[in-house]
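These notes are about the structure you will find just below.
Residue numbers (our numbering): 39 to 83.
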């Protein structure tokens with residue numbers, strides 16, 4: 039049985055995440071993580 043579709047509520051807060059195989063890190067260092075968050079903020083605004 040398929041899951042129910044996700045609801046999109048304008049102005050709501052969403053938790054965005056990704057998973058990485060074999061316990062690897064998503065980012066090589068803190069700088070990359072900060073750059074990612076700043077990019078998401080720019081796109082959001």
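C-beta: ideal position from N, C-alpha, C; glycine also.
Measure the CB-CB distance between residue i and residue j and report whether it falls below 7 angstroms.
i: residue 64; j: residue 58; result: yes
Kindly list the residues whose CB is nearer than 7 angstroms to the CB of residue i, restricted to its own chain and excluding five residues on each side of it in sequence; keep chain order.
i: residue 75; result: none
Let me make sure I understand the geometry here. Which of the options has the alpha-carbon closest to that of residue i?
i: residue 82; options: 66, 44, 45 and 49; result: 49
Once you ignore the five residues that flank residue i on each side, which residues in its own chain have a CB closer than 8 angstroms to its CB?
i: residue 78; result: 54
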